[in-house]
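Trainee:
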Amino acid sequence: MINNRIEKLLSNVQKPGRYVGGEINSIIKQKDEVDVRFAFCFPDIYEVGMSHLGMKILYSQLNQVPFIWCERVFAPWVDMEEQMRQNDVPLYALESGDSIADFDIIGFTLQYELSFTNILNMLDLAGIPLKSKDRHSLSQLVVAGGPCTCNSEPLADFIDLFFIGEGEEVDLEVIDLYRKYKKENRSKQEFLIEVSKIQGVYVPSLYDVTYNEDNTIKSVTPKCGAPATVKKRIMTNIDNSYYPEKFVVPLIEIVHDRAVAEVLRGCIRGCRFCQAGFIYRPFREKSVDVIDRQCHALCDNTGYDEISLSSLSTNDYSKIDELLDKLLLWTNKEKTGISLPSLRVDSFSTELMNKIKSVRRSGLTFAPEAGTQRLRDVINKNVSEDDLLKTVTTAFKGGWTTIKLYFMIGLPTETLEDIAGIAELGQKVVDTFYNNPDKPRGKSVKVTVSASSFVPKPFTPFQWEPQDTIEMLQKKQRHLVSSVKTRKIQANWHDADTSFLEAVFARGDRRLCDVLLEAHKSGCKMDGWQAFFSLPKWIEIFKKCNVDPAFYANRRRSFDEILPWDHIDYGIKKSFLINECKKAYENVTTPNCREKCSSCGAACFKGGICSEKR
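Written out as structure tokens, the structure reads:
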């Protein structure tokens, strides 16, 4: 619990509930009764971090072990940080109120690239040396996991080790080894050499990187017995993976304030821009009974009256109707809502609609991603205009009047005609509503088209593609707005400036470590928040470090170039990704994993859909 020094600060900040701890289901242990203290750090504010499912799972799992005490740490908002620095209060964990500098292991989850400056700021706020080489003892070991570890290089100077893939097993193996080496009073270097032998652990200091004259990578050379490639870890049977029966119940409203049930991992679809669809392969499902049991336990132990069925595409769950039928047996009685946040355009049926509308009727969200069929084929979306219009017809008949459509702009081969196609598709949805004799009477339709900017990501078929320049993205945004001809359609778009920086760090190498350090010295933080992000400031930082950000964001890469992440193995063959990229330029699609195996390489994990009989 927080001490008096911290308590005195709370009257001066906007949301003190972020900083006090003591929530229902939070876990308190006696620190002299544990061997390893783990600070689980989310590099964003409480409301965002407390919504993250991975943190909920690993927090509870680690605390199941008697000798581990895992505590939660979030980035303070600027008002609280100001108070902490003025009063010499270091960054602390919510459960004990202790500085994270007192912990054995300090772990960060890397969910998005624009949080990288927050990591450095949080370490600095705790008084912990930023660079790994300046932290000499085994204590204050800084580790990181999450999707952004698929290219860890921009953080290589600051993080002692990265977890590659899913953490349920490998985290415990690493902590077990840490406990042993701590008791034996072994050195940090000895530990790092030994831990690098565990599958799913990447120790960047054990790899030397050299560069060609054109600034591309010449070689990545392991040393001290580290593996040439680091293979990710996964849970092949997610029915057997740990899942908590209770979540910490937040003191204030958070972004996703409901019980969350994981129904599957991975995706069968293979959209060529989507990193998650590849790095979480193979596709694995939980059984109906397990999901039902976990949902009921969460509601009983948290008081939530809404369950979100979480996945990359929930209605790709093979037994979705059976699952909903089983959940409705008790959710209707207990007045518990069910939400399906990830719906496919081509999988929304009358039967599904009737089941979810019985408990929830908010707006429906679908992601066509592109405005024309040609471009949807390029990205392998495998949905048609007819699929979308049939889906919204079903929704309108069921009483829905609010539809949100997600698109991307800046995709490979995209033209202004494709951009105009977004507005045209939105107009067809509006027309479908008014031409529908079964539409809700006395109501009008609202269609929102939301366009994010394409960011090329590692381990996708588009990892070699350039991002459009900021000027081109802004031109396409203006064209989208001018193409909308009715007030029934609202057009939104994601800021191109932040997408540019995201692309830089998504495909960057170790030379960006100096950039990050300089950004921290210049006061950069909370870059994911528009109020604090400044591209001109970042451009000056790049100039000062003699780094061209366009080299990382706007440059097309050759298939034979060594990429910064090539020594990381997510089980997806590079040859498969190259072939998918070539098929994109031929407007050729690839069937989903249920229709036909495309030999992507994920079968090497011997689990999930790759092992199913067909």
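Residue numbers (my numbering): 1077 to 1690. Just so you know, even glycine gets a beta-carbon here, dropped at the ideal spot from N, CA and C.
Let me know the secondary structure DSSP gives residue 1301 once reduced to three states.
Mentor: Reading the sequence shown from its first residue, position 225 is the one you call residue 1301. Coil, per DSSP.
Trainee: Identify the continuous beta strand (DSSP E) that holds residue 1080 and give its terminal residues.
Mentor: As a working note, residue 1080 is residue 4 in the sequence shown. Looking at the DSSP string, residue 1080 is not in any beta strand (DSSP E); the run it does join, the alpha helix (DSSP H), is 1080-1083.
Trainee: I'd like the ranges of any alpha helix (DSSP H) spanning at least 4 consecutive residues and lying wholly in the segment 1104-1167.
Mentor: 1122-1125, 1129-1139, 1154-1162
Trainee: With a cut-off of 8 Å, do at least 3 Cβ pairs link the segment 1444-1454 to the segment 1395-1415?
Mentor: no
Trainee: Where in the segment 1205-1261 do unbroken runs of the beta strand (DSSP E), each at least 3 residues long, occur, reported from the N-terminal end onward?
Mentor: With a minimum length of 3 residues, the continuous beta strand (DSSP E) runs that stay inside the segment 1205-1261 are 1217-1221, 1237-1239.
Trainee: For residue 1305 and residue 1479, I'd like the C-alpha separation in whole angstroms.
Mentor: By 1-based counting over the sequence shown, the position of residue 1305 is 229. By 1-based counting over the sequence shown, the position of residue 1479 is 403. So the alpha carbons of these two residues sit roughly 45 Å apart.
Trainee: On the DSSP letters alone, give me the boundaries of the beta strand (DSSP E) that residue 1444 sits inside.
Mentor: Position 368 of the sequence shown, counted from the first residue, corresponds to residue 1444. 1440-1445 is the extent of the beta strand (DSSP E) around residue 1444.
Trainee: Buried or exposed for residue 1100, please, with buried defined as at least 16 other CB atoms from any protein chain shown within 10 angstroms of its CB.
Mentor: Within the sequence shown, numbered from 1, the residue matching residue 1100 stands at position 24. Exposed: under 16 other Cβ atoms inside 10 Å.
Trainee: Verify whether the separation of the beta carbon atoms of residue 1107 and residue 1172 is less than 9 Å.
Mentor: As a first step, residue 1107 must be located in the sequence shown, where it is residue number 31. As a first step, residue 1172 must be located in the sequence shown, where it is residue number 96. Cβ distance < 9 Å, so residue 1107 and residue 1172 count as in contact.
Trainee: Go through its chain and collect everything with a Cβ distance to residue 1428's Cβ below 6 Å, but skip five positions before and after it.
Mentor: The residue given as residue 1428 occupies position 352 in the sequence shown. Excluding positions up to five away in sequence, the list is empty.
Trainee: What are the start and end residues of each continuous beta strand (DSSP E) run of 3 or more residues lying completely inside the segment 1483-1512, in chain order?
Mentor: The DSSP assignment places no complete beta strand (DSSP E) segment of no fewer than 3 residues inside the segment 1483-1512.
Trainee: Is the beta carbon of residue 1534 less than 9 Å from the beta carbon of residue 1661?
Mentor: The residue labelled residue 1534 in the question sits at position 458 within the sequence shown. The residue labelled residue 1661 in the question sits at position 585 within the sequence shown. It is not a contact, given that the beta carbons lie outside the stated cut-off.
Trainee: Mind checking whether residue 1385 and residue 1414 have CB atoms under 9 Å apart?
Mentor: As a first step, residue 1385 is located in the sequence shown; it is residue number 309 there, counting from the start. As a first step, residue 1414 is located in the sequence shown; it is residue number 338 there, counting from the start. Contact: yes.
Trainee: If you run the structure through DSSP and keep just helix, strand and coil, what is residue 1087?
Mentor: Here residue 1087 refers to the residue found at position 11 when the sequence shown is read from its first residue. Correct three-state label for residue 1087: helix.
Trainee: Quick check: residue 1214 and residue 1267, are their CB atoms within less than 9 Å of each other?
Mentor: In the sequence shown, the residue the question calls residue 1214 occupies position 138. In the sequence shown, the residue the question calls residue 1267 occupies position 191. Yes; because the gap between Cβ atoms is below 9 Å, this pair is in contact.
Trainee: Does the Cβ-Cβ distance between residue 1349 and residue 1152 come in under 9 Å?
Mentor: Numbered from its first residue, the sequence shown carries residue 1349 at position 273. Numbered from its first residue, the sequence shown carries residue 1152 at position 76. Result no, Cβ atoms of residue 1349 and residue 1152 do not sit closer than 9 Å.
Trainee: Using beta-carbon positions only, say whether residue 1681 and residue 1312 come within less than 9 Å of one another.
Mentor: Taking the sequence shown and counting its residues from 1, the one referred to as residue 1681 is at position 605. Taking the sequence shown and counting its residues from 1, the one referred to as residue 1312 is at position 236. Yes.
Trainee: Where residue 1279 and residue 1121 are concerned, what is the direct C-alpha to C-alpha distance, given to the nearest angstrom?
Mentor: Walking along the sequence shown from the start, residue 1279 turns up at place 203. Walking along the sequence shown from the start, residue 1121 turns up at place 45. The C-alpha of residue 1279 lies about 28 Å from the C-alpha of residue 1121.
Trainee: Along the chain, where does the beta strand (DSSP E) containing residue 1183 start, and where does it finish?
Mentor: Within the sequence shown, the letter at position 107 stands for residue 1183. Where residue 1183 is concerned, the enclosing beta strand (DSSP E) stretches over 1181-1185.
Trainee: Can you tell me whether residue 1513 is buried or exposed, with buried defined as 16 or more other CB within 10 angstroms of its CB?
Mentor: Here residue 1513 is taken as the residue at index 437 of the sequence shown, counted from 1. It is exposed - the Cβ of residue 1513 has fewer than 16 other Cβ atoms within 10 Å.
Trainee: Judging by CA-CA distance, which residue of 1115, 1220, 1393, 1646 is the nearest neighbour of residue 1168?
Mentor: By 1-based counting over the sequence shown, the position of residue 1168 is 92. Comparing Cα positions, the closest option is 1115.
Trainee: Who are the Cβ neighbours of residue 1344 in its own chain at under 7 Å, not counting the five residues just before and after it?
Mentor: One-based indexing of the sequence shown puts residue 1344 at position 268. Here the set comprises 1359, 1392, 1668, 1669, 1670, 1685.
Trainee: DSSP on residue 1202, reduced to helix/strand/coil?
Mentor: The count along the sequence shown starts at 1 and reaches residue 1202 at position 126. Correct three-state label for residue 1202: coil.
Trainee: Helix, strand or coil for residue 1435? Go by DSSP, reduced to three states.
Mentor: As a working mapping, residue 1435 is identified with position 359 in the sequence shown. Low per-residue confidence applies at residue 1435: pLDDT is 48, beneath 50, and the placement is therefore not dependable enough to give any value.
Trainee: How big is the Cα-Cα spacing for residue 1585 and residue 1652?
Mentor: As a first step, residue 1585 must be located in the sequence shown, where it is residue number 509. As a first step, residue 1652 must be located in the sequence shown, where it is residue number 576. Approximately 23 Å, taken between the alpha carbons.
Trainee: Restricting to Cα atoms, I'd like to know which of 1594, 1574, 1527 is closest to residue 1611.
Mentor: As a first step, residue 1611 must be located in the sequence shown, where it is residue number 535. Nearest C-alpha to residue 1611 among 1594, 1574, 1527: 1574.
Trainee: Answer with buried or exposed for residue 1683, where buried requires no fewer than 16 other C-beta atoms within 10 angstroms of its C-beta.
Mentor: Numbered from its first residue, the sequence shown carries residue 1683 at position 607. By the neighbour-count rule (16 or more Cβ atoms within 10 Å), residue 1683 is buried.
Trainee: In chain order, which alpha helix (DSSP H) runs of at least 4 residues are fully inside the segment 1291-1378?
Mentor: The alpha helix (DSSP H) runs lying completely inside the segment 1291-1378 and spanning 4 residues or more are 1352-1355, 1364-1378, given in chain order.
Trainee: Start and end of the alpha helix (DSSP H) containing residue 1041?
Mentor: Residue 1041 is absent from the model: the chain starts at 1077 and stops at 1690.
Trainee: Less than 9 Å between the C-beta atoms of residue 1654 and residue 1676, yes or no?
Mentor: On the sequence shown, position 578 is the one that residue 1654 refers to. On the sequence shown, position 600 is the one that residue 1676 refers to. No, they are not a contact pair.
Trainee: Distance, Cα to Cα, residue 1473 vs residue 1515?
Mentor: What you label residue 1473 is simply residue 397 of the sequence shown in a count that begins at 1. What you label residue 1515 is simply residue 439 of the sequence shown in a count that begins at 1. For residue 1473 and residue 1515, the distance between alpha carbons rounds to 5 Å.
Trainee: Using C-beta distances below 7 Å, list every residue in its chain close to residue 1110, excluding the 5 sequence neighbours before and after it, in chain order.
Mentor: Position 34 of the sequence shown, counted from the start, is the residue given in the question as residue 1110. The residues are 1143, 1144, 1145.
Trainee: The beta strand (DSSP E) that contains residue 1691, what's its start and end?
Mentor: Nothing about residue 1691 can be read from this structure; the chain reaches only from 1077 to 1690.
Trainee: Just verifying my parser: in three-state terms, what is the DSSP assignment at residue 1665?
Mentor: In the sequence shown, the residue the question calls residue 1665 occupies position 589. Per DSSP, reduced to three states, the secondary structure at residue 1665 is coil, with no helix or strand assignment.
Trainee: Would residue 1596 pass as a contact of residue 1200 if the rule is Cβ separation under 9 Å?
Mentor: Working through the sequence shown from its first residue, we reach residue 1596 at position 520. Working through the sequence shown from its first residue, we reach residue 1200 at position 124. Yes, they are a contact pair.
Trainee: Residues in its own chain within less than 6 Å of residue 1057 by CB, not counting five upstream and five downstream?
Mentor: Any answer about residue 1057 is impossible in this case: the structure gives the chain only from 1077 up to 1690.
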